[in-house]
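With our numbering applied, the sequence shown corresponds to residues 14 to 257, in that order. Built from N, CA and C at the ideal position, the CB exists for glycine as well. Just so it is clear, the structure is predicted and the values come from calculations on it, not from any experiment.
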Amino acid sequence: MADGEKKVALVTGASRGIGRACAVELAKAGYDVAITYAGNDEAANQTVKDITDLNVKSKAYKFDVSNKEACQKAADEILADFGKLDVLVNNAGITRDGLFMRMNSDNWEAVINTNLNSAFYMTSPIIKTMVKQRSGCIVNMSSIVGKMGNAGQANYSAAKAGLIGFTKSLAKELGSRNIRVNAIAPGFIQTDMTKGLETEKIAEHIPLKRLGTPEDIAKTVKFLAEEGTYITGQVIGVDGGLVV
14 MADGEKKVAL VTGASRGIGR ACAVELAKAG YDVAITYAGN DEAANQTVKD ITDLNVKSKA
74 YKFDVSNKEA CQKAADEILA DFGKLDVLVN NAGITRDGLF MRMNSDNWEA VINTNLNSAF
134 YMTSPIIKTM VKQRSGCIVN MSSIVGKMGN AGQANYSAAK AGLIGFTKSL AKELGSRNIR
194 VNAIAPGFIQ TDMTKGLETE KIAEHIPLKR LGTPEDIAKT VKFLAEEGTY ITGQVIGVDG
254 GLVV
């Protein structure tokens, strides 16, 4: 970031886990950071405090990212509060796991709406500002299961695979406006989503022999925002070598 130049980032689903780590990492790089969250007020307020303790601006916005109208309203508020947006991290996501033969439409639609449609709902209003600026960086949080699939996660895998196609298409459309669009495909990361898994057994199958941390993902987001100025349309695996 150039001296004296203030940049602004928006991270969805940032009260905890990977989203929180991304927000804090960007704040450490000098970004003002807006975060969104669905329900945990205490966690969101703590994230905002941790960011503002780094002497940058932050504010949390509580709404449902699977709701198109709520996303439009929030985007308008964020742009009014911060004045611009340089980095958008579409991170919000949920799981509703279950074998496909037993999966009901509610669990299918909830995951598709939150993990995939939300990226459209948030990017659509934000992209207009980036086009006017003729600059911007969008990072979509996919997953290794979007590349390789996973039994019991047909809904999650479909959503994460959809984000990859979304990423590549936007990169082709927006490159001429100096807007870079990439995806990150995390492997097994130590978050609430992986609690209860047999982590030691999982680690045995990972070349680096450990689960990743939210900070591993956050550092990749910061790299794409700050140093990856000739990278667009890519899916970067941050998985310890699990998918090679």
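Sub-8 Å separation of residue i and residue j beta-carbons
i      : j      : result
Ala27  : Thr65  : no
Asp252 : Gly200 : yes
Leu255 : Ile219 : yes
Asn258 : Ile215 : This structure does not reach residue 258, given that the chain is present from 14 up to 257, and the question cannot be answered.
Arg147 : Asn117 : no
Glu90  : Tyr74  : yes
For residue j and residue i, believed in contact at Cβ under 8 Å, the rounded distance
i      : j      : result
Val248 : Thr180 : 7 Å
Arg193 : Thr108 : Between Thr108 and Arg193 the Cβ distance is about 28 Å, and since that is not below 8 Å, they are no contact.
Ile48  : Met154 : With a Cβ gap of about 14 Å, Ile48 and Met154 do not count as contacting.
Val102 : Ser71  : That pair is no contact at about 14 Å.
Ala57  : Val78  : Not confirmed; about 14 Å, so no contact.
Ala88  : Ile139 : 6 Å
Val234 : Ile202 : Not quite, the Cβ-Cβ distance comes to about 13 Å (not below 8 Å), so this is no contact.
Val69  : Gly43  : 7 Å
Gly159 : Leu176 : 6 Å
Alpha-carbon to alpha-carbon, residue j and residue i
i      : j      : result
Gly165 : Arg115 : 10 Å
Cys84  : Ile157 : 27 Å
Ala34  : Glu228 : 6 Å
Lys41  : Leu67  : 7 Å
Lys81  : Lys222 : 41 Å
Met14  : Phe76  : Residue confidence for Met14 is low, a pLDDT of 47 falling below 50, so the modelled location carries little weight; the figure read from the coordinates is stated next. Going from the Cα of Met14 to the Cα of Phe76 covers about 30 Å.
Gly36  : Glu217 : For the sequence presented, residue 36 should be read as Ala rather than Gly. Cα to Cα, the separation comes out at about 30 Å.
Leu183 : Ala238 : 16 Å
Glu38  : Ala22  : 11 Å
Tyr134 : Gly149 : 17 Å
Arg276 : Tyr243 : For residue 276 there is no data in the structure shown, the boundaries of the chain being 14 and 257.
Gly225 : Thr212 : 11 Å
Gly111 : Asn120 : 9 Å
Asp63  : Val24  : 15 Å
Ala93  : Thr204 : 32 Å
Phe236 : Gly250 : 14 Å
Ser189 : Lys20  : 21 Å
Lys185 : Glu240 : 20 Å
Phe113 : Ala123 : 14 Å
Asn195 : Val257 : 19 Å
Lys232 : Glu18  : 21 Å
Tyr50  : Leu187 : 27 Å
> Counting Cβ pairs closer than 8 Å, one from the region 122 to 139 and one from the region 165 to 174, do we hit at least three?
Replying inline: yes
>> Using 8 Å as the cut-off, can you tell me whether the region 131 to 143 makes contact with the region 83 to 103, which would need three or more C-beta pairs spanning the two stretches below that distance?
In response: yes
> Which whole runs of the beta strand (DSSP E) in the region 94 to 159 are 3 residues long or more, in chain order?
Replying inline: 100 to 103 and 149 to 154
> What alpha helix (DSSP H) runs, 4 residues minimum, are completely inside the region 35 to 101?
Replying inline: 54 to 65 and 81 to 95
> Can you give, in chain order, each stretch of the alpha helix (DSSP H) that sits fully within the region 164 to 248 and has at least 4 residues?
Replying inline: 167 to 187, 212 to 217 and 227 to 239
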